[in-house]
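Numbered per full-length UniProt numbering, the sequence shown spans residues 1 to 128.
Working notes, beginning with the structure itself.
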Amino acid sequence: MTPRRARPEREPTIALINIVFLMLIFFLVAGTLAAPLDKDLRLVSTAKIDRAAPADALVLHADGRMTRRGTEIVSAAAFLADLPEEARARVRIVPDRALPAQKLVGVARALREAGAGSVVLVTERGLQ
Numbered sequence: 001m002t003p004r005r006a007r008p009e010r011e012p013t014i015a016l017i018n019i020v021f022l023m024l025i026f027f028l029v030a031g032t033l034a035a036p037l038d039k040d041l042r043l044v045s046t047a048k049i050d051r052a053a054p055a056d057a058l059v060l061h062a063d064g065r066m067t068r069r070g071t072e073i074v075s076a077a078a079f080l081a082d083l084p085e086e087a088r089a090r091v092r093i094v095p096d097r098a099l100p101a102q103k104l105v106g107v108a109r110a111l112r113e114a115g116a117g118s119v120v121l122v123t124e125r126g127l128q
């Protein structure tokens with residue numbers, strides 16, 4: 001009798017292939033593959049659109065005046081009293097670029113003391 005030759009152990013490559021295949025499927029499903037835009041497509045430009053403050057925002061001018069919808073506001077408390085109840089939870093301020101920071105902080109503090117839930121500054125997004 002001749003002794004049997006010992007077979008070499010097979011590497012578990014099938015299991016490795018299965019794992020790689022499952023990862024590929026996962027990333028295809030989880031990732032978003034978007035088709036590129038047409039080369040002749042021109043997107044809308046918003047650079048020249050007139051900018052307007054939101055209707056319920058307090059506009060602070062460089063000279064310290066406060067307005068809402070073009071109407072002069074006497075104080076932060078008067079502005080808050082003129083707002084509907086649901087708009088008082090989040091009050092928006094649109095400050096002029098040249099407004100001193102001390103004036104802006106003072107108005108924000110006065111709004112909080114008058115009962116505003118939170119005060120949010122509306123700014124212009126810069127170029128990236």
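Even glycine gets a Cβ: it sits at the ideal position worked out from N, Cα and C.
Simplified DSSP state of residue i, which is helix, strand or coil
i	result
E124	coil
T67	strand
E72	strand
R92	strand
L111	helix
L99	coil
L58	strand
Cβ-Cβ distance between residue i and residue j below 8 Å
i	j	result
V105	I93	no
L99	D56	no
L121	D96	no
A88	G70	Reading off the sequence shown, one finds Arg at residue 88, where the question assumed Ala. No, the Cβ-Cβ distance between R88 and G70 is not below 8 Å.
L58	F26	no
Same chain only: Cβ atoms within 7 Å of residue i, ignoring 5 sequence neighbours per side
i	result
E85	none
V119	V91, I93, A108, L111, R112
A62	D96, A98, L99
Close-in-space but distant-in-sequence residues of the same chain around residue i (CB under 8 Å, 5 per side omitted)
i	result
Q128	Caution applies to Q128, whose pLDDT of 49 falls short of 50 and renders its modelled position unreliable; the value that the coordinates give is listed next. Answer for Q128: no residue qualifies.
K103	L60, G64
Other residues of its chain near residue i: CB distance less than 6 Å, five sequence neighbours each side excluded
i	result
A76	V107, A110, L111, A114
Stretch-stretch touch, CB-based, cutoff 8 Å, three pairs: the region 24 to 31 with the region 62 to 70 = No: fewer than three Cβ pairs fall under 8 Å.
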